[in-house]
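First the structure, in the form of structure tokens, and then the observations on it.
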Amino acid sequence: MGTAAAVQRSAYPPHTPKLSGPKYNQSNQSFNYNSTTNIFKTHFRSQPQLSLNKSYCCWAKKIVPLRCGSGKVSEMEAQEGSAAKPMIDFHGIDEGLVQNMVYDALVWSSLHGLVVGDKNVQKSGEVPGVGMMHAPFSLLPVAFPENHWKLACEVAPICNELVDRVSLDGNFLQESLSRTKKVDDFTSRLLDIHSKMLEINKKEEIRLGLHRSDYMLDGQTKSLLQIELNTISSSFSGLSCLVSELHRSLLKHYGKHLGLDPKQVPVNSATNKFAEALAKAWTEYDDSSAMVMVVVQPEERNMYDQHWLCAILQERYPFGHHDRLCVWRYIFSRTSFTPRISMQEV
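For the record, in the sequence shown the residue sitting at position 238 is 238 according to UniProt numbering, with numbers rising by one throughout.
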């Protein structure tokens with residue numbers, strides 16, 4: 001589909017679619033979180049050895065990002081002259097506290113569907129429920145400047161409109177990507193399809209884009225830099241929402257010990273907004289026989305991310321029953337294709 005109605009999803013800001021307790025350091029509980037464990041693959045850069053340093057347990061209204069270098073966590077100067085200490089010295093957290101957080105995080109992930117298929121288990125990407133393991137996640141939320149977070153939210157509609165306008169300029173697309181076409185087969189095939197659509201003057205008045213915009217902070221300039229804007233494989237809307245919920249859950253239980261406030265973790269409603277946008281596009285299309293096709297490649301270990309979106313569509317919207325949701329994996333397994341398909345039929 002096109003991009004008149006665009007949804008922005010980045011690692012930090014929420015998504016905005018538009019159409020046009022106990023004293024854990026005294027615990028004797030032991031839990032192995034070594035990265036070689038097949039089920040609980042939680043990774044740490046180094047094993048925490050020190051007790052919690054309370055001098056770092058502060059929460060600034062304007063969060064200061066942490067910069068990693070030479071194996072140390074250091075403070076990055078805040079913009080606009082607002083200096084603050086890092087939220088916490090992550091290497092100084094008591095090991096018993098970390099073990100409890102890891103255990104609770106893994107239980108939460110299993111109970112709430114924050115899972116992917118294990119590549120070491122056969123058919124984990126084909127049969128739901130087979131070979132599940134927790135999705136990769138950070139144990140605690142990463143500090144991020146509030147002003148940059150707001151900036152990313154503000155520029156999202158602008159980027160969405162830019163993508164939409166570019167998608168309507170066929171000549172510009174073909175010319176600007178002509179060199180890329182020579183070295184990238186995927187781009188070449190897309191441009192060939194696009195060229196044939198131009199030849200038959202194929203146009204759509206109703207366009208929907210589900211985008212994911214990825215950002216990082218530049219350590220030297222302290223600027224918010226866009227890494228990429230995904231318009232095709234805009235994945236992880238389902239799982240990223242769960243990561244935010246996981247972090248809030250952990251901080252509700254451990255926040256006092258860490259000096260972190262769960263209310264400072266922004267709400268991520270990406271999956272709900274994606275579903276809302278798809279439902280709106282289906283309504284605007286005004287065809288009761290229309291279907292929403294979910295393209296899922298064979299042996300997709302990230303199937304649960306897509307299933308979250310499908311589940312919301314099925315539960316909340318009248319068209320979202322099985323005969324209106326067409327998943328590509330089932331088409332692929334039940335059909336065959338002729339060598340040539342007339343583009344007039346597309």
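For each residue, glycine too, the CB sits at the ideal point set by N, CA and C. These numbers were taken from a predicted model, which means no experiment stands behind them.
Query                                                                                                                                                     : Result
Find the nearest neighbour of Y317 within the set V296, K273, S213, Y304, judged by alpha-carbon distance.                                                : K273
Can you check the region 247-291 for any alpha helix (DSSP H) of at least 4 residues that lies completely inside it and give the ranges in chain order?   : 270-285
Considering Y215, what are the terminal residues of the beta strand (DSSP E) in which it resides?                                                         : 212-217
Can you round the beta-carbon distance between L191 and K202 to whole angstroms, since I take them to be within the 8 Å contact cut?                      : Incorrect: roughly 15 Å between the Cβ atoms, too far for contact.
Determine, using beta carbons only, whether residue 388 and L246 come nearer to each other than 8 Å.                                                      : Residue 388 lies beyond the residue range present for the chain, which begins at 1 and ends at 346; the question has no answer from this structure.
Can you list the alpha helix (DSSP H) stretches of 4 or more residues lying completely in the region 137-168, in chain order?                             : 146-168
If you pair each beta-carbon of the region 146-164 with each one of the region 119-133, do three or more pairs fall below 8 Å?                            : no
Does the region 229-246 come within contact of the region 304-318, defined as at least 3 CB pairs closer than 8 Å?                                        : yes
Among all the DSSP beta bridges, which residues are the ones paired with M197?                                                                            : M197 is not bridged to any residue.
Please confirm if the region 110-117 is in contact with the region 284-295, defined as three or more CB-CB distances below 8 Å between the two stretches. : no
S82: buried (16+ other C-beta within 10 angstroms of its C-beta) or exposed?                                                                              : For S82, the pLDDT reaches just 36, beneath the cut-off of 50, and the residue's location in the model is therefore unreliable, although a value from the coordinates is still provided. Label assigned to S82: exposed.
Taking C-beta to C-beta, are L208 and G170 nearer than 8 Å?                                                                                               : no
Quick one: what's V127 bridged to in DSSP?                                                                                                                : V127 pairs with nothing; no bridge assigned.
In this structure, how does DSSP classify E300 when only helix, strand and coil are distinguished?                                                        : coil
Indicate whether the contact test is met: 3 or more Cβ pairs, each with one atom in the region 247-254 and one in the region 221-231, closer than 8 Å.    : no
Just curious, the beta strand (DSSP E) that N230 is in, first and last residue?                                                                           : 224-230
Quick check on L168: buried or exposed, where buried means 16 or more other Cβ atoms within 10 Å of its Cβ?                                               : exposed
Determine which residues share a DSSP beta bridge with H134 and list them.                                                                                : V115
With 16 other CB atoms within 10 Å as the buried threshold, where does M216 fall?                                                                         : exposed
Going by DSSP, what residue range makes up the alpha helix (DSSP H) through T180?                                                                         : 178-183
With DSSP collapsed to three states, give me the class of V98.                                                                                            : helix
Can you grab the Cα-Cα spacing for the pair E161 / K256, in whole Å?                                                                                      : 43 Å
Look up V295 in the DSSP assignment and say whether it is helix, strand or coil.                                                                          : coil
To which residues of the same chain is V265 closer than 8 Å at the C-beta, ignoring the five residues directly before and after it?                       : P141, S244, H247, R248, L251
Are S124 and R301 closer than 8 Å when you measure CB to CB?                                                                                              : yes
Give me the Cβ distance between I312 and T283, rounded to the nearest whole Å; I'm assuming they're in contact under 8 Å.                                 : Between T283 and I312 the Cβ distance is about 16 Å, and since that is not below 8 Å, they are no contact.
Applying the 10 Å Cβ sphere with the 16-neighbour rule, what's the burial state of F186?                                                                  : exposed
Pick from E299, F319, N268: whose alpha carbon is nearest that of M293?                                                                                   : F319
Please check the pair V183 and L173, which I expect to be a contact at CB under 8 Å, by giving their CB distance rounded to whole angstroms.              : 17 Å between Cβ atoms; not a contact.
Would A143 be called buried (16 or more neighbouring beta carbons within 10 Å of its own) or exposed?                                                     : buried
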